[in-house]
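Colleague: Residue numbers (the working numbering), protein chains in the order written: chain A, 1 to 114; chain R, 115 to 228.
Input: one structure, supplied below.
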Amino acid sequence: AQSVTQLDSQVPVFEEAPVELRCNYSSSVSVYLFWYVQYPNQGLQLLLKYLSGSTLVESINGFEAEFNKSQTSFHLRKPSVHISDTAEYFCAVTYSGGYNKLIFGAGTRLAVHP
Amino acid sequence: DTAVSQTPKYLVTQMGNDKSIKCEQNLGHDTMYWYKQDSKKFLKIMFSYNNKELIINETVPNRFSPKSPDKAHLNLHINSLELGDSAVYFCASHRTSGSGGELFFGEGSRLTVL
């Protein structure tokens, strides 16, 4: 069975500092991996995704994540965060075939302080 | 235009009542989902419909009954509401072919049972 572990429930960081949000998954088959972001009182928005090809994927707002098959990880990074990045971040996995049962991690609350 | 829209956005009701949440997507997707987000932000899939056919039914009490009149709509009816049903319910949609696995989410319907 698939599962997703987000290792940190909360990550406090100062503005302009780098950040890494950790995500590990378990699956015996090929997977698709996603990071979604949820701003307060809003729905989930896709931040970035890994389907195949290059293991490093980037978002338009400076986040990037690297798929590491040997470590079954998909950590999210940003070299310099802004106050506006404060949100809940969810890592998710589904297998690359069939209907899309997206399994979410428990979420990581990123709190950016001035 | 909102891609995935849910109504109502907020719902406050008494224990024992019956309520419905509606979802519509204008993306031309063929698969729709209901997810439940609890007070700790944990997201859990409840149901999925593909072309009006139920394909995922997690261990959800049978007080919850989804209905898909067509592939653009997926409604959730809840009978005999309980305190533990208080949560944010998210609708999502997906195209099963060629979409790269991404789910598009609505903004959520916050249900409070008193």
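For every residue, glycine included, the Cβ atom is placed at its ideal position computed from N, Cα and C.
Model, not experiment: these values are computed from the prediction.
Could you check which residue in Glu16/A, Ala111/A, Gln10/A and Ala87/A has the C-alpha nearest to that of Arg22/A?
Modeller: Nearest C-alpha to Arg22/A: Gln10/A.
Colleague: Among the residues of its own chain, which have a CB less than 7 Å from the CB of Lys181/R, if the five just before and after it don't count?
Modeller: Excluding positions up to five away in sequence, the list reads Asn189 and His191.
Colleague: With a threshold of 9 Å between beta-carbons, can Gln42/A be considered close to chain R, or not?
Modeller: By this cut-off, Gln42/A is an interface position.
Colleague: Can you pull the chain A residues whose beta carbon is under 9 Å from the beta carbon of Ile159/R, in chain order?
Modeller: Those within 9 Å of Ile159/R in chain A are Lys101, Leu102, Ile103 and Phe104.
Colleague: Would you say Gly198/R reaches chain A, if we count a Cβ-Cβ gap shorter than 9 Å as a contact?
Modeller: Taking Cβ atoms only, chain A never reaches closer than 9 Å to Gly198/R, which makes this a no.
Colleague: From the DSSP output, in three-state form, read off Leu197/R for me.
Modeller: If DSSP states are grouped into helix, strand and coil, Leu197/R belongs with the helices.
Colleague: CA-CA distance, Pro12/A and Pro18/A?
Modeller: Going by the C-alpha atoms only, they are around 11 Å apart.
Colleague: Measure how close the beta-carbons of Ala201/R and Met146/R come, nearest whole angstrom, since I'm counting them as under 8 Å.
Modeller: Contact doesn't hold; Cβ gap of about 18 Å is too wide.
Colleague: According to a CB-to-CB cut-off of less than 9 Å, which residues of the segment 145 to 157 of chain R neighbour chain A?
Modeller: Within the segment 145 to 157 of chain R, the qualifying residues are Thr145, Tyr147, Tyr149, Gln151, Lys154, Lys155, Phe156 and Leu157.
Colleague: Between which residues of its own chain and Leu115/A is the CB-CB distance below 8 Å, once the five residues before and five after are set aside?
Modeller: The displayed coordinates of chain A run from 1 to 114. Any statement about residue 115/A would go beyond what the structure contains.
Colleague: I need the DSSP call for Ile83/A, collapsed to helix, strand or coil.
Modeller: Helix at Ile83/A.
Colleague: Please confirm whether Glu16/A and His82/A have their CB atoms less than 9 Å apart.
Modeller: Against a cut-off of 9 Å, the Cβ pair of His82/A and Glu16/A comes out as a contact.
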